[in-house]
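*Asks:*
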Amino acid sequence: MRKSVFTLLVMMLFFGVMPANAQLGNILKKVKETVDAVTNTTTTQSQTGTDSTQDKVANVLSVAIPSGGTMENPLAGVLDVELVGAYGKSTSLNYGTVYLVFKAKMIANKTSAGFGGSVRNVASVAVDQDGNLYNTGTNGQYRRNLTEGIAVKVTLDEKDAQFQDVKKTATTMQMIKLGVYIDAQNAGTITFKNVPVQWDVTPQ
């Protein structure tokens, strides 16, 4: 009799533990599924955030310039720029300087912007059709007063704002990078491509 009771107790204990183990297994399985779901969500959000940033940089529109070439303006939501032209000034028989003339219109409620020089470690440079690279004479910007909603003509012809020692064989700048600094939140580099150079011509 004692043996039967003992056997019965062992069987009850065994069958009582099994559901507990099964429940524990189910709990652990659910925990694992939850952790996996959170990990996947975090990874997806992280990748999406990175892609969005890259898309923002990559989605800068290339706009045709009436005088020739194209422009990419990452600050278009704050500042509208229309290039009038790139103009060369002879300083010798074979060399000169090149400066830019453009119209700038504030979209945001700002009153001025600095142009040229180096902005966020990107220098203002020009590269001609032969691959020759030209720098300006300064890393600083030349500030211009602007008005919200009104296009203001900007002639960036200060000596150090011009691209220096440009060969007069340069007929086209295949790339011009122009630094723009409005404030700490609004700064960047406008890129012009395939812009004709007009030598010793007075801008209109």
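Quick note, our numbering runs 494 ahead of the 1-based positions in the sequence shown.
Note that beta-carbon positions come from the ideal geometry of N, C-alpha and C, so glycine has one too.
#1: Return the chain-ordered list of same chain residues with a C-beta closer than 6 angstroms to the C-beta of residue 597, the five sequence neighbours on each side being excluded.
#2: Use the C-beta contact count for residue 660: other C-beta atoms within 10 angstroms, 16 or more gives buried, fewer gives exposed.
#3: Looking only at DSSP bridge pairs, what is residue 608 linked to?
#4: Going straight from the alpha carbon of residue 588 to that of residue 667, what length do you get?
#5: In this structure, how does DSSP classify residue 653 when only helix, strand and coil are distinguished?
#6: Under the rule that 16 or more other beta-carbon atoms within 10 Å means buried, what is residue 612, buried or exposed?
#7: Evaluate residue 684 with the Cβ neighbour count: other Cβ atoms within 10 Å of its Cβ, from every protein chain shown; 16 or more gives buried, anything less gives exposed.
#8: Cα-Cα, which of 698, 605, 560 is closest to residue 637?
#9: Please determine, among 649, 583, 635, 594, the residue with the shortest C-alpha to C-alpha distance to residue 693.
#10: Taking Cβ positions only, does residue 554 come closer than 7 angstroms to chain C?
#11: List the residues that DSSP assigns as beta-bridge partners of residue 644.
#12: Buried or exposed: where does residue 689 fall if 16 or more other Cβ atoms within 10 Å of its Cβ makes it buried?
#13: Helix, strand or coil for residue 540 per DSSP?
#14: Determine the direct distance from the alpha carbon of residue 556 to that of residue 565, and round the result to whole angstroms.
*Replies:* This is what the structure holds:
#1: So the list reads 576, 645, 647, once near-sequence residues are dropped.
#2: The residue is buried, with at least 16 neighbouring Cβ atoms inside 10 Å.
#3: According to DSSP, residue 608 bridges with 637, 675.
#4: For residue 588 and residue 667, the distance between alpha carbons rounds to 17 angstroms.
#5: In the structure shown, residue 653 sits in a helix (DSSP, three-state: H, G or I).
#6: Under this definition residue 612 is a buried residue.
#7: Of the other Cβ atoms in all chains shown, 16 or more fall within 10 Å of the Cβ of residue 684; this residue is therefore buried.
#8: Measuring from the Cα of residue 637, the nearest candidate turns out to be 605.
#9: The candidate whose alpha carbon is nearest that of residue 693 is 583.
#10: Chain labels in this structure do not include chain C; a single protein chain is all it has.
#11: Answer is 641, bridged to residue 644.
#12: Label assigned to residue 689: buried.
#13: Its pLDDT being 36, under 50, residue 540 is placed unreliably by the model, and nothing is read from it.
#14: When rounded, the distance between both Cα atoms is 5 angstroms.
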